[in-house]
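S.K.:
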Amino acid sequence: MIRKAQFVVSNTDPAKCPKPDRAEIAFIGRSNVGKSSLINMLTGVKELAKTSQRPGKTQLINHFLIDDRWFLVDLPGYGFAKVSRDTKDKWEKMISSYLTGRPNLCGVFVLIDSRLEPQRIDLEFVNWCGEEGVPFVIVFTKADKQSKTQTDKNVKAFLKKMEDIFGDLPDYFVTSAEKGSGKEEVSAFLDELVSE
Ligand code: GDP
């Protein structure tokens with residue numbers, strides 16, 4: 001479990017990220033997927049990650065120092081309905097250069113909304129991670145929003161798509177920030193990843 005979380009720096013330039021001298025885990029997903037809520041659940045610090053960055057606002061790479069030991073990175077979400085081509089291009093450039101160029105990155109947690117059937121934008125993103133050799137795991141969010149049967153159905157459908165793309169299944173977790181479910185499993189996994 002995380003005991004301490006401190007904000008370090010926000011920036012738009014991957015070159016200006018903190019010195020890569022410790023393990024780092026990044027969180028990403030569609031806007032409104034529940035990323036801030038999940039980060040707040042995991043760190044136990046309310047408002048550590050501010051809820052939803054709005055379209056048009058500067059999209060930032062946010063570094064937090066966890067337990068004086070590793071960096072948690074909150075990446076700007078993708079899939080805003082109403083952003084300009086220019087904003088999308090900037091996001092892509094920033095994110096791809098961060099994800100492919102960060103030497104201390106141990107893993108990317110890709111958040112998927114468990115309420116939805118597999119979404120093309122999510123599949124495209126994980127596909128890109130696979131192609132680029134960016135290690136990732138899947139975290140399904142908002143599991144409390146619908147029945148367990150419906151959650152299981154959406155999770156299964158997404159995993160099936162992943163299996164079709166990659167030939168095997170990624171590590172995955174099913175969570176609810178509302179209920180605190182999945183916190184122990186994700187925390188244990190984070191601990192393992194940053195200890196390797
Ligand atoms: P972000 O844009 O990905 O950072 O998403 P937020 O964390 O701001 O969450 C978007 C909306 O979904 C907010 O209204 C949250 O209260 C809600 N939300 C996030 N996680 C959960 C969850 O596990 N359960 C439920 N019921 N709502 C959630």
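Using the working numbering, read the sequence shown as starting at 1 and increasing by one per residue.
For every residue, glycine included, the Cβ atom is placed at its ideal position computed from N, Cα and C.
Note that the structure is predicted; figures quoted are calculated from it, not measured.
1) Keeping to the same chain, check which residues put their C-beta closer than 6 Å to that of L272; ignore five residues upstream and five downstream.
2) Sorted by chain position, which residues of the same chain lie with C-beta nearer than 8 Å to I165's C-beta, five sequence neighbours on each side aside?
3) Just to confirm, does S37 get its C-beta within under 7 Å of one of the non-hydrogen atoms of the ligand GDP?
4) Could you tell me if Q146 is buried or exposed, where buried requires 16 or more neighbouring beta carbons within 10 angstroms of its beta carbon?
5) Taking 7 Å as the cut-off, is the C-beta of D144 nearer than that to any heavy atom in the ligand GDP?
6) Whose CA, out of K153, I95, N40, lies closest to the CA of D113?
7) Using alpha carbons as the reference points, say which of K156, P20, F27 lies closest to N62.
8) With a 10 Å radius around its C-beta and 16 neighbouring C-beta atoms as the bar for buried, classify Q59 as buried or exposed.
M.R.: Put simply:
1) Nothing about residue 272 can be reported from this structure: the residues present for the chain run from 1 to 196 only.
2) L123, V126, N127, G130
3) yes
4) exposed
5) yes
6) K153
7) F27
8) buried
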